[in-house]
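Position 4 of the sequence shown, counting from 1, maps to 4 under UniProt numbering, and the rest follow consecutively. C-beta atoms are modelled at their ideal positions from N, C-alpha and C, and glycine is treated no differently.
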Amino acid sequence: MSKRLYIQDVATRDGFQIESAFVPTEDKIALIDQLSLTGLAKIEVTSFTSPKAIPNLRDAEEVMRGIRRVEGVEYTVLVPNVKGCERALACEVDEINLVMSASDTHGLANLRMTPEQSLEQFKAIIEVTRGTDVFVNASLSTTFGCPFEGEVPEARVYELVQKLLDIGVQGVTLCDTTGMADPAQVERICNEARRRWPQSVFTAHFHNTRGMGLANALAALNAGIDRFDASLGGLGGCPYAPGASGNICTEDLVHMFQRMGLETGVDLDQLLDAAARLPELVGHDVPSAILKAGKADRRYPKPKWMEAP
Ligand code: COA
Ligand code: ZN
């Protein structure tokens, strides 16, 4: 069975938001322009959040307006509230990705809003987007666990997904904000979401904080999920979720899917070229496995002593 998967890179949003240093605007634009040519389905360019909350993305308008958009690539941005939505619409984004938390404590820490307060903002946002053709997605942080509260009851997750769809959100991303998810849980929740809402568009968003990232992606795939957020180089993390670290790495994910014979639409060599720029851009090594190890078809010369004299 060959199946088309949609790979959505979030490095310039989820990745750059948590870096200790601001990545210069022109470098962000150059990286996104390079990523646009790799065959990714979607790029999460930036976030329209408070510059006090996320100073690294304070150049959101400049970045969104500065990139060269490529036909066939969707450009999305993270939005927490009505003000962010208005800023995003002014930049003519293809999609707004609303962000809320499934847990009260992370919601308050990250957004100063409980889930219910976020939903009120989102109702107003749906009104603001009416009459436009912008796609409205919502990312549900801490779906698989909260770093403050621990387990988030699955019934609560489904209740919130239902509320999001009821107010008119078109797609939902199930986010494992701090790598608490395990593959059995992922398969169960993704199966249940697809059973309850077969017509809705679901995306899986995993962080590799506890080394379960690619296993979780595989579990989501087995449950029929075909859209994956991932971050070039494996950068990423929420600055308001203690212990957060990088997303699953885009090139590692694409490499795995390609080895399995699955169609991602992504040119892995071009993706690796883009990833190779990251250490210099962010000033440190990145978690990417394939950038270091090379693809599985990499071959080394035999030891000298085996060669015929
Ligand atoms: N874009 C730009 N500025 C915004 C904004 C937005 N979307 N939303 C609010 N602001 C500004 C307000 O204008 C106000 O500015 P002022 O102090 O100059 O008057 C200030 O931020 C506070 O506004 P308020 O509505 O009271 O927000 P808050 O302090 O309750 O913070 C959020 C709420 C959602 C704006 C803020 O917590 C946030 O941006 N969080 C994003 C967190 C995030 O992205 N985490 C990582 C992704 S998971
Ligand atoms: Zn994330």
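Straight-line spacing of the CA atoms in residue 77 and residue 13 works out to 8 angstroms. Residue 94 and residue 30 have their alpha carbons spaced roughly 20 angstroms apart.
Per the Cβ contact rule, the segment 87-104 is in contact with the segment 58-68 (3 or more Cβ pairs under 8 angstroms). Non-local C-beta neighbours of residue 69 in its own chain, meaning closer than 8 angstroms and more than five positions away in sequence, comprise 36, 75, ordered along the chain.
Judged by their CB atoms, residue 19 and residue 282 are nearer to each other than the 7 angstroms cut-off. Within the segment 158-183, the runs of beta strand (DSSP E) at least 3 residues long that lie entirely inside it are, in chain order, 171-176. Check the Cα spacing between residue 120 and each of 245, 166, 32: the tightest is with 166. Inclusion of residue 171 and residue 216 in the CB contact set at 7 angstroms is not warranted, their separation being larger than that value. Here residue 255 carries a helix assignment [DSSP, helix/strand/coil]. Checking the 6 angstroms criterion, the Cβ of residue 80 is within range of a heavy atom belonging to the ligand COA. The beta carbons of residue 245 and residue 233 sit no closer together than 7 angstroms.
DSSP places residue 209 in the coil class of the three-state scheme, outside both helix and strand. For residue 304, no beta strand (DSSP E) run applies, since DSSP gives it neither H nor E. Straight-line spacing of the CA atoms in residue 197 and residue 191 works out to 10 angstroms. Here residue 222 is exposed, its C-beta having fewer than 16 other C-beta atoms within 10 Å. DSSP places residue 101 in the strand class (E or B) of the three-state scheme.
Note on residue 28: 16 or more other CB atoms within 10 angstroms of its CB, so buried under the neighbour-count rule. Look at residue 77 here: in three-state DSSP terms it is strand. Under DSSP, residue 140 takes part in a beta bridge, and its partners are 100, 174. The beta carbons of residue 209 and residue 261 sit about 29 angstroms from each other, so the pair does not count as a contact at 8 angstroms. Between residue 34 and residue 274, the CB-CB gap stays under 7 angstroms.
Between the C-alpha atoms of residue 117 and residue 162 there is a straight-line separation of about 16 angstroms. The beta carbon of residue 108 lies closer than 7 angstroms to those of 114 in the same chain, with the five residues before and after it left out. Annotated as distal: residue 173 and residue 9, with beta-carbon spacing of 7 angstroms or more. Listed as beta-bridge partners of residue 42 by DSSP are 8, 74. With a cut-off of 6 angstroms, the C-beta of residue 49 is classified as near the ligand COA, since at least one heavy atom of the ligand falls inside that distance.
Classified as buried, residue 178 has 16 or more neighbouring CB atoms from the shown chains inside 10 Å of its CB. Here residue 148 carries a coil assignment [DSSP, helix/strand/coil]. The C-beta separation of residue 240 from residue 110 comes to about 4 angstroms, placing the pair in contact by the 8 angstroms criterion. Close CB contacts of residue 135 within its chain, under the 6 angstroms cut and outside five residues either way in sequence, are with 95, 170 (chain order). Membership of residue 90 in the alpha helix (DSSP H) is indicated by the continuous run 82-90. Out of 67, 143, 82, the CA that lies nearest to the CA of residue 101 is found in 143.
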